[in-house]
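The structure appears right after this line, and notes come after that.
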Amino acid sequence: MPVGQVSAIRAAQSLESPFGLAPVLGAEIRLNRDAITALREKRPTDSCEQAQSSMRSVYYLTDIGMYAASEFGLNAKPLAKASETDESEQFGERNRNPELLNLGALERTAQKAADFSDENLVHIQAKSGLGVALTYAPLIQEIAKKQGIAPEKVVEALLAQYAELSGLNTIPEGLLPIFLEFEGGVPEIEYGKETERWLDSGMDRSITPSALGQTLRRQVLWLKAALSARHDDANRVAASGEFIGRNAEEGFLGLLIAQETANKIMFLYNTMRTPIAGEKGTYFPHRLEIEFDGDAPKAYRVVDSDSVLFDQMSLLWGISEFYGMLKAKGGAPYSELFGKDQLISGKYEDMARELTGLLLKNLARFHWNATYGTFYETHSMETAKENAPQEQVISTQQIAMSAIALESVIRNFGADSKLAKQAALLLSAQADFLYRSLYRAEDGAVFNGASLTKDAAKPFDGLKTLVAHSAAVRSFLIAYRLTTNEEYLAAAMRVFEFLDRTFWDTRLEVYKSAIGQYQYTPLNVAMTVGAFRELLAVDQAAFIERMSEHFAKFFDSVVARIGLQLSEQQYFLELAVEPKRLAPVFASDLLIQPVGSAADMNIPQAGATLRYVISVPEANLPCDSNDAYIEDTLPENVSFERSVPAPVSVNDRVVKWRVGDLAPDRDAIYRITVDVRVNTPSMMRSFGVDQGNLPGGRGDRLKNCASFQCGGQAGDVPLDSACVEDHMSKPQLGIEKSLRSVVAEPGKEAEFELVVTNLSDVTAYRLVVEDQNPEGFVYLPDSVKSSDVPDIQIDDTNPLVWVLEDLEPGKRISLTYRVILNTNLEAGSYASQVKVHALDRSGFPFESNEFELTIDVQRGVVLRVSQQLGEPQTATMQAGQPMPLISTIENVGTDGVLDAAVALTLPDGLEFVPQTSRLNGVAIGEPERKGKTLIWKIGELPPGVTKTLQCGIIGKEAGEFTLSTIIRGATERNASYESRAYDLTVNVE
């Protein structure tokens with residue numbers, strides 16, 4: 001539409017998306033004096049539809065990043081050893097697909113796991129600057145004060161000493177050693193600098209116990225490997241070598257990391273322990289903020305006083321492993337580093353023991369629910385101060401982290417020590433809770449966690465997840481090693497079978513992160529890595545095939561090839577005149593995106609890449625091109641990606657180009673192509689985008705305005721401007737559930753119908769329906785039917801889950817299924833809740849829709865019928881010898897049966913024995929005969945009454961025969977009644 005003498009033109013063009021699938025639409029903002037030109041015919045074609053792709057967050061979370069580094073580091077040796085096994089012939093015989101058994105893949109996975117783990121640690125500790133510099137560490141400050149020199153000189157002297165001890169000829173340039181790791185940050189390396197320091201503006205400079213604890217655990221793993229040997233002047237491992245470390249480089253970094261570790265322990269012991277308000281004792285609060293003077297920390301201030309289970313267990317794991325390293329026997333070089341009169345002097349063993357005792361004490365004090373025998377995740381100090389009840393929940397993944405940390409205490413402190421015994425009691429009770437409350441023995445499924453209420457430990461609703469099942473495998477195997485209880489081992493194996501069966505995606509060759517979902521973090525991937533490692537340790541022969549066939553592919557896809565490890569794809573983005581380079585660490589999120597549908601390819605929506613074309617006629621320039629600038633103010637909710645040519649500046653949402661840097665085309669028009677990506681609320685939460693959220697509802701409007709000015713300085717008045725506006729569509733789903741009958745009755749079947757409708761003009765991807773029925777409504781296997789999805793399969797039964805793939809605009813899917821109501825259900829109203837989940841085009845979940853159905857349960861005639869052959873019960877009889885058939889009929893309903901009759905139909909091969917009929921032990925007359933059916937009248941059957949009918953039957957010939965019993969009569973409401981058929985199979989020999 002015209003804006004003064006300016007017009008805005010909307011066009012659509014295809015563009016190869018950097019993520020491989022999001023629709024890309026174009027808009028042209030023309031800064032000229034022409035009228036509107038319709039270019040709507042330029043639509044993207046099916047060429048925009050591309051293969052599966054992924055999106056990674058550009059953010060690093062230290063705690064889960066270091067946790068992943070530890071699990072990957074621990075995995076390297078077992079995988080490498082497994083790949084060298086001489087049992088490959090046996091595996092080939094057992095494997096139904098021998099071509100899939102690729103032990104070389106395990107070897108490559110082992111090497112990648114080791115490399116990624118080392119890169120993550122070394123980069124953070126020595127290059128990133130993501131933490132408080134070693135210069136300000138307590139030991140360094142103490143030495144500087146004693147010697148009267150600057151702390152920087154102390155660090156320089158230590159580096160020189162470590163180079164000499166390790167035989168390193170040249171100290172690497174650009175080292176930025178730290179001793180306290182920050183919570184996280186954007187791993188963007190400063191451009192044009194000699195160091196690999198991250199940009200300060202992208203760092204979250206908070207200190208959390210989880211980041212320190214997980215880093216400490218990975219540091220110990222490095223020290224025990226890198227400093228496990230000595231080397232000679234040829235840089236080769238030699239037991240009598242002059243230099244410390246497996247080689248000079250590892251030895252130098254190992255000594256540096258040892259110094260960082262010692263200072264971390266001192267900080268935890270002397271500074272981070274915080275007095276408990278109003279009570280005796282100290283604890284570790286969830287978050288500290290640092291008051292800086294330049295780069296120097298002046299003060300540490302508690303900003304979140306909660307005690308968090310993951311924090312405490314991370315510290316417990318790290319400190320316990322540190323203590324175990326100090327106590328290690330065998331004369332490894334790392335055992336000579338710490339202690340009185342050692343290279344790094346101090347009472348570290350005493351500090352580690354005391355800190356471990358404090359953590360165990362506070363875990364029992366602040367995080368233990370004695371009623372259920374489990375930890376809970378968050379203890380609010382503010383709530384405790386007010387004497388209010390704590391909200392208590394526990395997730396399955398935190399149960400595993402607890403088991404890992406407690407097992408570390410038992411192993412490193414010795415099973416007979418007081419601390420180890422305390423840890424063992426907690427671990428044993430926690431494992432029992434997992435087995436009793438969260439594990440489903442019938443199929444091996446595991447709930448994601450539980451709410452610990454006054455009345456019960458209520459399992460979480462929701463889709464089953466990969467991390468919960470991996471965590472359960474870890475927990476059960478740790479409990480098995482501790483207790484030797486075979487039930488735990490069997491449970492671990494059963495959970496793994498459910499995991500492998502339910503989550504493996506044969507098409508993408510990855511494990512789904514949840515039923516129907518593909519969002520990965522260092523935590524859920526590393527927990528899975530650890531589970532496979534522990535299974536391999538239990539039974540290598542049983543699991544090596546799956547490790548080769550599934551695990552190696554999963555690791556390659558999710559971590560390496562598309563994945564969480566940022567260094568695998570040198571990540572450069574053209575932004576203004578400076579490229580962005582990302583550090584070799586683990587991204588905090590990875591999302592595998594759906595393959596885009598052609599149905600809505602030309603519709604702007606969240607996750608789409610939009611292309612704007614800005615044009616200025618050369619003849620309209622009122623000033624020299626070197627003084628002329630074009631400025632584009634992007635709408636909120638979008639992120640600048642790139643432009644051709646590159647801009648001279650990008651300031652928040654304002655992008656600027658100098659006309660003198662452009663070349664006019666043959667029509668004497670300057671053109672700029674700008675690509676932006678529309679953010680989603682989920683993307684902004686998970687991926688750290690700074691724009692505001694898109695409002696709720698079915699859509700939003702994005703208005704993009706460009707302007708032309710001379711001078712290019714702030715405050716210069718635009719000489720001309722133009723705008724375009726787009727309506728952004730959002731998926732919207734409708735979900736309904738109905739009962740096919742007016743009421744439901746205990747003991748009888750009920751049929752439900754679900755209808756999902758796409759009410760919007762964009763496709764909803766990876767549709768997942770989650771239906772939670774009340775307790776006592778039991779799903780009947782193979783009862784689901786759908787004319788819209790002929791081969792529909794159920795993906796979980798508690799809750800009921802169906803993955804229905806994609807739903808295009810205006811389409812609907814309906815399905816029906818049956819349940820049977822437990823006979824002991826009381827009459828009344830029951831609530832059933834159904835949810836539908838889906839992804840937008842970019843792969844992010846949008847708000848799920850819910851529907852609640854009230855089910856009216858009325859108790860009528862409900863019979864509980866059981867039949868048995870013989871007394872005692874048997875399933876076999878001898879031909880020619882009569883046996884008693886006993887039928888027990890109990891009315892557990894609320895309505896009686898009048899004139900009840902029992903109809904028994906005998907097959908050929910079985911015959912009734914006359915004068916053997918007895919009711920409740922009293923002889924009765926002969927039954928009425930109708931062909932092969934015998935009918936006994938047993939009178940009234942009121943609610944709560946049980947009657948037993950007995951008769952004799954005889955087998956005439958050998959074989960297997962099925963007899964059938966039906967109860968008929970009239971209800972007290974004068975309605976006819978007929979039960980379902982109750983069958984009994986008899987073997988005649």
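All the letters of the sequence shown, read from the start, carry residue numbers 1 to 989 under full-length UniProt numbering.
Glycine included, C-beta positions come from ideal geometry on N, C-alpha and C.
If you're wondering where the values come from, they're calculated on a predicted model, not measured in any experiment.
Thinking C-beta only, is Leu-733 closer than 7 angstroms to Val-834? On the sequence shown, position 834 is the one that residue 834 refers to. On the sequence shown, position 733 is the one that residue 733 refers to. Not in contact: Val-834 and Leu-733 (Cβ atoms no closer than 7 angstroms).
Boundaries (first-last residue) of the beta strand (DSSP E) holding Glu-736: Here residue 736 refers to the residue found at position 736 of the sequence shown. Where Glu-736 is concerned, the enclosing beta strand (DSSP E) stretches over 733 to 739.
Which residue's Cα is closest to the Cα of Glu-181: Ile-140, Glu-190, Ile-257 and Thr-170? Taking the sequence shown and counting its residues from 1, one reaches residue 181 at position 181. Among Ile-140, Glu-190, Ile-257 and Thr-170, the Cα nearest to that of Glu-181 is on Ile-257.
Does the beta-carbon of Pro-98 have 16 or more other beta-carbons within 10 angstroms, so that it is buried, or is it exposed? Along the sequence shown, one-based indexing puts residue 98 at 98. Because Pro-98 sits at a pLDDT of 33, beneath the cut-off of 50, its placement in the model cannot be relied upon, and the point is left open.
Exposed unless 16 or more other CB atoms sit within 10 angstroms - verdict on Leu-425: Numbered from 1 along the sequence shown, position 425 holds the residue referred to as residue 425. Classification for Leu-425: exposed.
What are the boundary residues of the alpha helix (DSSP H) that includes Thr-396? By 1-based counting over the sequence shown, the position of residue 396 is 396. Boundaries of the alpha helix (DSSP H) around Thr-396: 396 to 413.
Apart from the five residues just before and just after Asp-295, which ones in its own chain have a Cβ nearer than 7 angstroms to its Cβ? To locate residue 295, count along the sequence shown from 1; it is residue 295. The residues are Ala-133.
Return the CA-CA distance between Leu-288 and Asp-311, expressed in angstroms with no decimal places. In the sequence shown, the residue the question calls residue 288 occupies position 288. In the sequence shown, the residue the question calls residue 311 occupies position 311. Pairing Leu-288 with Asp-311, the inter-Cα distance amounts to about 13 angstroms.
Going residue by residue through the stretch 414 to 443, where are the continuous alpha helix (DSSP H) segments of at least 4 residues, counting only ones entirely within it? 418 to 433
Could you check how far apart the C-beta atoms of Val-902 and Gly-952 are, in whole angstroms? I think they sit under 8 angstroms. For this step, residue 902 is matched to residue 902 along the sequence shown. For this step, residue 952 is matched to residue 952 along the sequence shown. Val-902 to Gly-952, Cβ: 15 angstroms. No contact.
Classify Lys-512 as buried or exposed, calling it buried when 16 or more other Cβ atoms lie within 10 Å of its own Cβ. The residue labelled residue 512 in the question sits at position 512 within the sequence shown. Burial call: buried.
How far does the alpha helix (DSSP H) with Arg-533 in it reach, from first residue to last? Position 533 of the sequence shown, counted from the first residue, corresponds to residue 533. Taken as a continuous stretch (DSSP letters only), the alpha helix (DSSP H) holding Arg-533 covers 522 to 538.
Supposed close pair Asp-675, Glu-641 - CB separation, criterion 8 angstroms: As a working note, residue 675 is residue 675 in the sequence shown. As a working note, residue 641 is residue 641 in the sequence shown. Indeed they touch by this definition, with Cβ atoms about 5 angstroms apart.
Within 7 angstroms, strictly: CB atoms of Arg-658 and Val-648: Position 658 of the sequence shown holds residue 658. Position 648 of the sequence shown holds residue 648. Yes, the Cβ-Cβ distance between Arg-658 and Val-648 is below 7 angstroms.
Give me whichever residues DSSP pairs with Met-351 in a beta bridge. Along the sequence shown, read from residue 1 onward, the residue named residue 351 stands at position 351. Paired residue(s): none; Met-351 is not in a bridge.
Classify Arg-980 as buried or exposed, calling it buried when 16 or more other Cβ atoms lie within 10 Å of its own Cβ. The residue given as residue 980 occupies position 980 in the sequence shown. It is exposed - the Cβ of Arg-980 has fewer than 16 other Cβ atoms within 10 Å.
Have a look at Arg-812 and Asp-665 and give me their C-alpha separation to the nearest angstrom. For the purposes of this step, residue 812 is taken as residue 812 along the sequence shown, with counting starting at 1. For the purposes of this step, residue 665 is taken as residue 665 along the sequence shown, with counting starting at 1. Roughly 49 angstroms between the two C-alpha positions.
C-alpha gap between Lys-224 and Val-819, whole angstroms: Sequence index remark: in the sequence shown, residue 224 carries index 224 (1-based). Sequence index remark: in the sequence shown, residue 819 carries index 819 (1-based). If you take the alpha carbons of Lys-224 and Val-819, they lie about 57 angstroms apart.
In terms of DSSP beta bridges, what is Gly-955 paired with? The residue labelled residue 955 in the question sits at position 955 within the sequence shown. DSSP output for Gly-955 lists Leu-910 as bridge partner(s).
Should Val-784 and Leu-815 be called a contact, given that it needs their Cβ atoms to be closer than 7 angstroms? Translated into the one-based positions of the sequence shown, residue 784 becomes position 784. Translated into the one-based positions of the sequence shown, residue 815 becomes position 815. It is a contact, given that the beta carbons lie within the stated cut-off.
Below 8 angstroms CB to CB, which residues in the same chain sit around Glu-871 once its five sequence neighbours on both sides are set aside? Position 871 of the sequence shown holds residue 871. Pro-884 and Ile-886, listed in sequence order.
Within the continuous beta strand (DSSP E) that includes Gly-939, where are the two ends? Start at 1 with the first residue of the sequence shown, and residue 939 comes out as number 939. Taken as a continuous stretch (DSSP letters only), the beta strand (DSSP E) holding Gly-939 covers 933 to 941.
DSSP state of Gln-950 mapped onto helix, strand, coil: Sequence index remark: in the sequence shown, residue 950 carries index 950 (1-based). DSSP places Gln-950 in strand when its eight states are reduced to three.
Mapping DSSP to helix, strand and coil, what is Tyr-817? Indexing the sequence shown from 1 puts residue 817 at position 817. Tyr-817 falls in the strand class under three-state DSSP.
Would you identify the three-state DSSP class for Lys-298, choosing helix, strand or coil? Numbered from its first residue, the sequence shown carries residue 298 at position 298. Correct three-state label for Lys-298: strand.
Do the stretch 733 to 751 and the stretch 787 to 804 meet, that is, are 3 or more Cβ pairs less than 8 angstroms apart? no
Taking buried to mean at least 16 other C-beta atoms within 10 Å of its own C-beta, is His-727 buried or exposed? On the sequence shown, position 727 is the one that residue 727 refers to. Under this definition His-727 is an exposed residue.
Pull up the CB-CB distance for Ala-226 and Arg-205, whole angstroms please, since I reckon it's below 8 angstroms. Within the sequence shown, numbered from 1, the residue matching residue 226 stands at position 226. Within the sequence shown, numbered from 1, the residue matching residue 205 stands at position 205. Ala-226 to Arg-205, Cβ: 29 angstroms. No contact.
Could you tell me the distance, in whole angstroms, from the CA atom of Glu-557 to the CA atom of Gln-858? Locating residue 557 in the sequence shown gives position 557, counting from the first residue. Locating residue 858 in the sequence shown gives position 858, counting from the first residue. For clarity, residue 557 is Ser in the given sequence; the question names Glu instead. In this structure, the alpha-carbon of Ser-557 lies about 53 angstroms from that of Gln-858.
Helix, strand or coil for Asn-95 per DSSP? As a working note, residue 95 is residue 95 in the sequence shown. In this predicted model, Asn-95 has a pLDDT of only 36, less than 50, meaning its place in the structure is not dependable; the value taken from the coordinates is given anyway. In the three-state DSSP reduction, Asn-95 falls in the coil class, being neither helix nor strand.
Please list the terminal residues of the continuous alpha helix (DSSP H) segment that includes Ala-157. Residue 157 sits at position 157 when you count from the first residue of the sequence shown. Note, Ala-157: alpha helix (DSSP H), 151 to 166.
Just to confirm, is the Cβ distance from Ile-404 to Thr-356 under 7 angstroms? As a first step, residue 404 must be located in the sequence shown, where it is residue number 404. As a first step, residue 356 must be located in the sequence shown, where it is residue number 356. No; because the gap between Cβ atoms is not below 7 angstroms, this pair is not in contact.
Nearest-angstrom Cα distance between Tyr-439 and Lys-454? In the sequence shown, the residue the question calls residue 439 occupies position 439. In the sequence shown, the residue the question calls residue 454 occupies position 454. Approximately 21 angstroms between the Cα atoms of the pair.
How would you write the range of the beta strand (DSSP E) that Lys-512 sits in, first residue to last? Translated into positions along the sequence shown, residue 512 becomes position 512. That residue, Lys-512, is in no beta strand (DSSP E); it is neither H nor E in DSSP.
Boundaries of the alpha helix (DSSP H) in which Gln-214 is found, first to last residue: Position 214 of the sequence shown, counting from 1, holds the residue named residue 214. Run containing Gln-214: 209 to 226, per the alpha helix (DSSP H) assignment.
Considering Cα atoms alone, identify which of Asn-987, Lys-340 and Pro-177 is closest to Glu-957. The residue labelled residue 957 in the question sits at position 957 within the sequence shown. Closest option to Glu-957, Cα to Cα, is Asn-987.
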